[in-house]
Structure formats: structure tokens, C-alpha cells
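Numbering (my numbering), first residue to last: 11 to 1026.
Ideal Cβ placement from N, Cα and C applies to all residues, glycine included.
Predicted model, so just to flag it, every value in this text is computed and none were measured.
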């Protein structure tokens, strides 16, 4: 019966242990029955088991409690203290269970030194303790006077070392208890890391006191300062980490320098032994690493301040200045330590001016990643992709680049520096907040991993037991190992994304290449720089700079980061003054938005692209001013890509379905076209699209607007007449460059209007309806208003301006059958139905195909007539006073020359060569070459001339911002305008003459081909 009852109770206890997270329930039951534990916790099975739910490793907690209970048996006071701690469900028990469940190493320390139970029972926190108090605690432990100018330990050798290590672990135990029981450990983490750094500094001070005790003269001839580097210097230390130091030594007054350096080296070596070498019964603390000293391990262990300064001024590499950013006196001679920091600190903030500074820093980060063993890559918490170093390198690079002009961001602490960078506008608040949370979480994970055995490691464990304990100590008991690993993966991805956005900003190397004066935007320095790099009005530019950057607002702060670099980018354009003025206007419009300056600062391309388009194209500058939100396109090539016709048609359809009035509806359609003009122009200037794709994009926008406006006009014509249905089918046929899908920024929409009355409809009614609709199309698209006009030109219709605006299909049949002229057949080569009735469009194409692709080709008399008309056009239509070699459209070797040549070949041969039946000039030239009608060289000369002339027409508009007027057709004489056009088409600065020579040479060659092929 007794055995059965025991078994029942045992099964019940095992179940409760398992539910509490115990992995080995039978062992746990044996530990709960341990005599020493029962002595201090008679009801352990009832009082302790529920509490195990909240500890990292319940199995290790029970083992530790049994060991500690055994250790206090001979000390009644400690036994009573342990009994009290375990009996009450309070903070003391929570601290004891948390420490023993998270760290087997600290549990062993408790068992070896049970007097430390008083530390666990004491509610005094281990964080936010004055540094002097911690320093005194460890110095007293080795028998040194904390108030002495040069503390010397009373305990030397192994005794001093063991005393130091016991005192260190006692204080470490208090810090861990505070850390592990924090309600919000992420918020507590910076305080924990600072406490660990302060403890390390105190340990170094005590170790130095022990080292002095080992020298006969206690090192009295040398002043030695221990400079903390890395995380110790930044007050953000781990539980177990190499403590990076640099030693500075100076002889005391009257002492020999060489002897002082020898003594300093002996003290440094003794200090390192006290911290890291095997000794007595106490385990080592951590290695003291002096590898960051000048010349690294090949250099002397200690050197004088002057020697340090000389090295950094002459020989130091980029990474050494990055390391110095965290330098802080930790131990030894405080005055000497501060002198070292004062001497090296200015060098840190001047290092950015070194050649390739940013690129070297970025390369160093990549090298660190590459040296991570492949087997560890996915477990590396510190060095791997998305790890702690990604955050630290990002913060440090931003500090080093911007810190020379802003002392507020010069903190050696990562989280403090990140907050300062956010406050100063160097990092977006959201980015900084995300990075800070990720960094804190990874640092906490690192702490919990190291705490277990107090071993230096940065690898995420792989065993289920270790992962389970880690998840529980991270507050993720419910998530378990899988949840922990998923959070780790998400954190890495987020950190890597932000690292790549911030660490590789184009602004960073560009800012680094500026001098300190240039980066500061000081008025006199700025005026001199602006004059030197090509601004015509430096004084005016300085006023713009002041308007943008003066003040203490976040907006002004970000502008102070952007402007030093963007001023140079504006100067790469042909009109830096205009670019800066446009930037100021745009910033005045958008500066208060949450996204504008953030985009320019954080995007990899937006700021530089904005500077380029604003200083290169008044057309784009005006377009962005009218639609400021379009600036976002500059950050993403996909946003600059031309929109497909289907997408624009769907958007236009949605506009028309919502519209009630004709003018607002067409205004919305014109706004759609204006948006696409702006998108295409920006992409054109930036080289994201070719000139051919730009023309196609402009044509697609015009097609969409014409089709939508025809719908509106037709509906209005019906409403005016009280009709439910249209009496005639309507068709708009694109002609000219619109028909060839070759529109430019200044192109009109050349069209024909065609209609076909429905059966039974009176011809007069149908004609009036069609004319009304066509007239409305022209009026709606040509009326002055808030959106750009699209001039609809119907002059290529039968009889030209003397004929009716629109004709019926039958009238076109009659006209083309009886009176059509050769020039009309030539014009119809570009005919392409663009809007209206699709079936009518097909019939119209079938009607005109025999005219533009005449069976048997052209009669010789017609060929002569075409040539005569071309000669007349050259003689009469060229504007008076314009140099024929510079007129891009009608001049020698210009657009018209090439188009007439291609069209003559089409008229002659397209009946037999289907590939020639195209509305595109370039496609016609390619088909002619493929058919042997042009040799490849002639086709190339014509193609290059046509493309260049077309490009230059567009460039004239993009440069001047004026789409109307004859200026677009002429290669400028004015040197500034020529330079501007050259920059638009991608020539380097100052290449206007090269462009001029290139065009004139290209046109001459094309004209030679035209003389031979067209004129025979």
C-alpha cells in the first residue's frame, strides 16, 4: 500500500515537473528528495516546482539548489538565509532561480562560495551603480587603497589574483540577477552592458594593483594608462568577451623613458596574467587583448603618448580610426588616459578625409563576412550577415562620415550613437528604432548564450536542450526553439536590409570626399567652392543654401547632410544655379512631408538623380514642381519604366466611368498624359529608357488620351442632340509621328477623322454629328487649362485645310479613288487607327493599303513628282535665316531627309515586300536593308542621323522646358544652350562643341546617302 501511494504521488510529481519544463523528471524527483535540500525546503515539491515554469533550465536549477543546500550545511546563518529565500515567493527567490536556471557557471560559483547567497538575497540592483563604487569594491578585495594615487595590492601573486576573481564574480552575480529578473530586459540591456564594462574597468584597475605588488618598486617610475577599446570602451560589454585595450606609458618626472617603458610592459603583462592566466582555484575572467595597439601584435606592448600620436598621424589604416572611436580611459593614470583620448580624438573625425575612406570601411565589412567559416555562417550572431557587426559598422560609418561636422553624434556607445544619429536626422526615426530593437534583441541573445557557461561565444546553439533554455531565458517559453530561431532569422533579415540601405548610401562616399569646409556649408567656403565648380551666381546660391539649411529643425539638419554633396551633383549638370533653385522650390513644397527628405537621404539613387534632372532639364524640373510626388519615381527604375497601353487604357476607363462632366473628365485624361510625359522625360534624362522607347511611351499616352477624349466628345454630341446612340461610327486615324509611334515632347497629334453612318441614318445628320465630335476632341484637348494641351492637327485630311474636318468612309473611298495625290499616299504610310470603331479601322486600313503600297510600285513620273515636292519643301519651308545644316527637321541630313528616303522606298517596294509595310521609320529602314534596297552602311548612316536629330529635338525641349516654338527644330548656336543639350543627351560636361561636330558630321553623311538613294 505504501509503495503504491508513493508511486501515485511520484507519477503526479513527475507530471507537474514535466509541465514545468523539466526534461529529466526522475532525476528531478531524486534532487527534490535530497536531504540537504529538504533541510532548507521541506515542501520543495510543492513550493519550488511551480516556480520552475519561469526559469531557463529547470533541471539545472534543481541541481544547483541541491548543491548550494549542501554547501550551506555547516553555516547556520547561510542555511537559515537559504531557507528564508526558498520559502517565500518573492524577489529573492526569483533572483536565485533565474540565475541558477540561466547559468550553470554562476550556479557553480554559488555552490563554491555560498556566502554569495547574500548578494542574491540583497535587493540592491547590479546596474546603475557608480563606477567609483565598483572600482573601490574590487581594489579593496585585493587589499589596495581606492583613494591612493597609485593603488598597490596587499595581496600579490595567486592570492591577489584569486581575490580579484572572487570579487569580480560576486559583482557579476549581482548584475546577472538584476538582468535575468528585469520585467523588460530589452530596456534594461544598455544598463547591463554598461555595468559589465564598468566591472571590467574595475577588474583592470585591481589587476594593475596586483601587478604593481609583484614589482619590487611597484612600478613607481612609470605612469601607465589602460585605454578601453571596443565594447569595453563603448560601455556596452558582453558577459564574456575579450577586453580590448591599448597601453600608454610615460616616465614620471626625472625617470628614464626606456626604463619606464620596460616597467610599463611588465605591469601590462602582469595585469593580463591576473585576468586571464590559470591561477589557484578561481577561473579566469577573460583575455585582455592589446592587438588594437599601433602595429598590432608586431608593435611594442606599451608606448608613449608621443609615439602613439606619431603613428596615428603617419601610418594608421582606416580601420584603426574606426577602432579609436570607442577609446576611453579604463584604468591606471586617468590624466594620461584622458590626454591620450584628447590627442587621438581629433584624428578620428579627420579620418573621413582619407582617400577611399568609405570604400575601405565597406570593403572591411565584406572581408569580415568572408572570413566567417561556412559551417558557422547561419549561427554567427556577431560577425555573420545580419548580425551585430552589421549594426555596429553601420552606426560607426555614419558617425565617422558626419561626425567631423557634428559633435553630437560622437558617442562610443552604439545605441547612444544610433539615437543621436536619429535625432540629428542622419538616420530615419523608424530605421533607428528598428535597428535599436534588433540590436538589443541580438545583444540579449548573445548575453544569454554566454551566461550559461560564462564562455566567450557568438554562435547560436544547435542542440534542442540549449535552444529550449535559450528561448526560456529570452522570455519566449511559449514560442519554444522554433519560435526563437524564426525570430532570429527575421531579425537578421531586417538588420541586413537596413544595413544595406544605410551602409551603402551613395551619399556617404560623396560626403567623405568633401573637405571639412565644404561639408560644413560655411558661407565663405561655400561661395568659393560654388564659384570654382561652375555656379554663375555663387552669392545667390549661398542664399538658397541658407534658406534650406539654417535653423535647428530636423528638416534643416537633413538638408545640411544633403546639400554639400548635392551642390557638386548640381554642378555636374549644365545649369547648377537652375538646379539648386529648382531644388529649393521643390523642397519648399515637400520639405514638411514625412517622406521627401527621408527618401533623398536614404535612397540609393534618388538624391543624385534628382540633382541630375533638376540641373539638366527645365522640362523635368517644371514637371516635378507640378507633380511633386513624382520624386518618388527616382528611387526605383520600375517606376520610371513606361506604362503599358493596357494599364493606361484601364486607368482612363476608370476616370471616364466616374466622370459626370466633359471638361473635368478630359482634364483628368490630360493629367494622366502629363504624368506620363514627366515619367518619360525623367527616365529619358537619366538614361533609364532609350530615345526610341521614350517616343513610344509618349505615343502611348497620346493614344490613350485621344481614345478617351473621343468617348467624351461622342457622348456630348449625343447629349446635345438628345440621342441614345450615335448615328455614325467614329474613327480617329493617327498620322505623322503619332502614326509612326515616334512622338516627341513637342509633337502635335496629326490625325484623320473618319465616320461611317449607320444604316438608315441621313448622311447630313451623320456628317454633322461626326464634325461636332471631331471639333469637340480638338477643343477639349487644345483648350487652355491646368493641364498640358495636345494640339490635334487634321491638316493631312483630304483637301487639307480646305476640306471638311471629317468625311464618311464612302467619301474617303471616292476621294482616294479619284483625286488622291502622291503626297497623300506618302502621308498614308503613317496611317494607324488609334481610337474609335475597330472594325471601321480595319476597313480604313484595307482602303488605304493599295494607295500606300501601290501594286507594281511607283510610276517613274510619280517618283519624279515626289522628288520635286521634296526639293520644293527644302527650298520653301525652311525658315528664313536658319542655317540648313542646323535645322534638325528640314535641314540637310535631317529628319525629313531620312523619312522621305524611307517612304520613297516603301512606295516603290512595299507591295512586294511585306516587311516594308510599317508606319515606323526605323523599321522601314531595317526592312529596306534586309531586302537589299539599302546597303548596310547607308542604312546605318540614315538611322544614326534620324535618331540623333530626333534625340536633339527632344533634348531642346527637355533643356529649355519649352515644348512650343520653332527652337526645338534647330541645333543651338548659343554655347550655353548647346552645352545644356549635350548634357541632356549624355555628353560629359563642356562637350557642346563635340556634340555640334558629331551632329554636323552625321548629317553630312546622311545627306550623301539621301542624294544618292532618294534623288538618284
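Practice task
Would you check if there are 3 or more beta carbon pairs closer than 8 Å linking the stretch 147-154 to the stretch 104-119?
Solution key: no
Handout entry: residue 237: first and last residue of the uninterrupted alpha helix (DSSP H) it sits in
Key = Numbered from 1 along the chain shown, position 227 holds the residue referred to as residue 237. Membership of residue 237 in any alpha helix (DSSP H) is not indicated; the residue belongs instead to the beta strand (DSSP E) covering 232-238.
Handout entry: Check whether residue 209 and residue 144 have beta carbons under 8 Å apart
Key = Indexing the chain shown from 1 puts residue 209 at position 199. Indexing the chain shown from 1 puts residue 144 at position 134. Yes; because the gap between Cβ atoms is below 8 Å, this pair is in contact.
Handout entry: Under 8 Å between C-beta atoms of residue 560 and residue 566
Key = Start at 1 with the first residue of the chain shown, and residue 560 comes out as number 550. Start at 1 with the first residue of the chain shown, and residue 566 comes out as number 556. Against a cut-off of 8 Å, the Cβ pair of residue 566 and residue 560 comes out as a contact.
Exercise for the section: Determine the extent of the beta strand (DSSP E) in which residue 846 is found, giving its start and end residues. Expected result: As a working note, residue 846 is residue 836 in the chain shown. From DSSP, the beta strand (DSSP E) with residue 846 extends over 842-846.
Practice task
Go through the stretch 415-502 residue by residue and report every complete run of the alpha helix (DSSP H) that reaches 4 residues or more, in order.
Solution key: 424-433, 439-463, 474-483
Problem - Residues near residue 897 by beta carbon distance below 7 Å, same chain, minus five either side - result: Translated into the one-based positions of the chain shown, residue 897 becomes position 887. Excluding sequence neighbours, residue 897 sits near 888, 904, 979, 980.
Exercise for the section: Please confirm if the stretch 520-535 is in contact with the stretch 450-465, defined as three or more CB-CB distances below 8 Å between the two stretches. Expected result: Contact between the stretch 520-535 and the stretch 450-465 is absent, because fewer than three Cβ pairs lie under 8 Å.
Problem - Touching by the beta-carbon criterion (3+ pairs, under 8 Å), the stretch 404-413 and the stretch 351-362 - result: yes
Exercise for the section: Using a threshold of 8 Å, state whether the C-beta atoms of residue 928 and residue 797 are closer than that. Expected result: Position 918 of the chain shown, counted from the start, is the residue given in the question as residue 928. Position 787 of the chain shown, counted from the start, is the residue given in the question as residue 797. No; because the gap between Cβ atoms is not below 8 Å, this pair is not in contact.
Handout entry: Rounded distance between the beta-carbons of residue 49 and residue 97, thought under 8 Å
Key = The count along the chain shown starts at 1 and reaches residue 97 at position 87. The count along the chain shown starts at 1 and reaches residue 49 at position 39. Not a contact, Cβ separation roughly 12 Å.
Handout entry: Spatial neighbours of residue 57 in its chain, beta-carbon cut-off 8 Å, leaving aside the 5 residues before and after
Key = Taking the chain shown and counting its residues from 1, the one referred to as residue 57 is at position 47. Same-chain partners within the cutoff: 51, 96, 97, 99.
Exercise for the section: For the stretch 317-358, list the alpha helix (DSSP H) runs that are entirely contained and at least 4 residues long, ordered along the chain. Expected result: Uninterrupted alpha helix (DSSP H) stretches at least 4 residues long and entirely within the stretch 317-358 occur at 328-334, given in chain order.
Exercise for the section: Please find out if some non-hydrogen atom of the ligand ATP comes closer than 7 Å to the beta-carbon of residue 303. Expected result: Among the components of this structure there are no ligands whatsoever, and the ligand ATP is therefore not found.
Exercise for the section: Please state whether DSSP places residue 19 in a helix, a strand or coil. Expected result: Here residue 19 corresponds to residue number 9 of the chain shown, with the count starting at 1. For residue 19, the predicted structure reports a pLDDT of 46, less than 50, and the residue's modelled location is therefore unreliable. A value from the coordinates is still provided. Three-state result, residue 19: helix.
Problem - Option nearest residue 854 by Cα separation, candidates 864, 865, 842 - result: Counting from 1 along the chain shown, the entry for residue 854 is found at position 844. Closest by alpha carbon: 842.
Practice task
From the DSSP output, in three-state form, read off residue 1024 for me.
Solution key: Position 1014 of the chain shown, counted from the first residue, corresponds to residue 1024. Residue 1024: coil per DSSP, three-state reduction.
Handout entry: Whole-Å CB distance - residue 723 paired with residue 790, under 8 Å assumed
Key = By one-based count along the chain shown, residue 723 stands at place 713. By one-based count along the chain shown, residue 790 stands at place 780. Correct: roughly 6 Å between the Cβ atoms.
Problem - Cut-off 8 Å between Cβ atoms - residues of its own chain near residue 605, not counting five sequence neighbours on either side - result: Within the chain shown, residue 605 is the residue found at index 595, counting from 1. Same-chain partners within the cutoff: 642.
Practice task
Could you please give me the residues that DSSP links to residue 817 through a beta bridge?
Solution key: Locating residue 817 in the chain shown gives position 807, where the first residue counts as 1. In the DSSP output, where bridge partners are listed per residue, residue 817 has 764.
Practice task
Can you check the stretch 174-239 for any alpha helix (DSSP H) of at least 4 residues that lies completely inside it and give the ranges in chain order?
Solution key: Within the stretch 174-239, the complete alpha helix (DSSP H) runs of at least 4 residues are 195-223.
Handout entry: Cross-strand partners of residue 744 (DSSP beta bridge)
Key = Within the chain shown, numbered from 1, the residue matching residue 744 stands at position 734. Paired residue(s): 761, 842.
Handout entry: Collapsed DSSP secondary structure at residue 548 in the structure displayed
Key = The residue given as residue 548 occupies position 538 in the chain shown. Three-state result, residue 548: helix.
Exercise for the section: Would you check if there are 3 or more beta carbon pairs closer than 8 Å linking the stretch 625-644 to the stretch 665-673? Expected result: no
Problem - Own chain residues within Cβ distance below 7 Å of residue 261, not counting five before or after - result: Position 251 of the chain shown holds residue 261. Excluding sequence neighbours, residue 261 sits near 231, 232, 267, 270.
Exercise for the section: Report the three-state DSSP secondary structure of residue 261 (helix, strand or coil). Expected result: Position 251 of the chain shown, counted from the start, is the residue given in the question as residue 261. Note: residue 261 maps to strand in three-state DSSP.
Handout entry: Distance between residue 1006 and residue 880 (C-alpha atoms, nearest Å)
Key = Reading the chain shown from its first residue, position 870 is the one you call residue 880. Reading the chain shown from its first residue, position 996 is the one you call residue 1006. For residue 880 and residue 1006, the distance between alpha carbons rounds to 26 Å.
Practice task
Just confirm the distance between the C-beta atoms of residue 763 and residue 780, as a whole number of angstroms; I'd bet it's less than 8 Å.
Solution key: As a first step, residue 763 must be located in the chain shown, where it is residue number 753. As a first step, residue 780 must be located in the chain shown, where it is residue number 770. About 7 Å; that satisfies the 8 Å criterion.
Problem - For residue 1015 and residue 1022, the rounded distance between their alpha carbons - result: Translated into the one-based positions of the chain shown, residue 1022 becomes position 1012. Translated into the one-based positions of the chain shown, residue 1015 becomes position 1005. Cα to Cα, the separation comes out at about 11 Å.
Practice task
Let me know if residue 956 comes out buried or exposed under the rule of 16 or more other beta-carbons within 10 Å of its beta-carbon.
Solution key: For the purposes of this step, residue 956 is taken as residue 946 along the chain shown, with counting starting at 1. Under this definition residue 956 is a buried residue.
Practice task
Compute the distance between the beta-carbons of residue 174 and residue 125, then report whether it is under 8 Å.
Solution key: Walking along the chain shown from the start, residue 174 turns up at place 164. Walking along the chain shown from the start, residue 125 turns up at place 115. It is not a contact, given that the beta carbons lie outside the stated cut-off.
Exercise for the section: Below 6 Å CB to CB, which residues in the same chain sit around residue 788 once its five sequence neighbours on both sides are set aside? Expected result: For this step, residue 788 is matched to residue 778 along the chain shown. Here the set comprises 802.
Exercise for the section: Spatial neighbours of residue 237 within its chain, please: CB distance less than 8 Å, with the 5 preceding and 5 following residues excluded, ordered by chain position. Expected result: Taking the chain shown and counting its residues from 1, one reaches residue 237 at position 227. So the qualifying residues of the chain are 243, 255, 256, 257, 258, 337, 338, 339, 340, 347, 350, 351.
Problem - Those residues which DSSP pairs with residue 256 across a bridge - result: Counted from its first residue, the chain shown places residue 256 at position 246. Looking at the DSSP assignment, residue 256 forms a beta bridge with 237.
Practice task
Can you tell me which of 782, 220, 558, 315 puts its alpha carbon nearest to the alpha carbon of residue 602?
Solution key: Here residue 602 refers to the residue found at position 592 when the chain shown is read from its first residue. Restricting attention to 782, 220, 558, 315, the CA atom closest to the CA of residue 602 is found in 558.
Practice task
Out of 32, 282, 46, state which residue places its alpha-carbon closest to the alpha-carbon of residue 70.
Solution key: Sequence index remark: in the chain shown, residue 70 carries index 60 (1-based). Checking every option, the nearest Cα to that of residue 70 belongs to 32.
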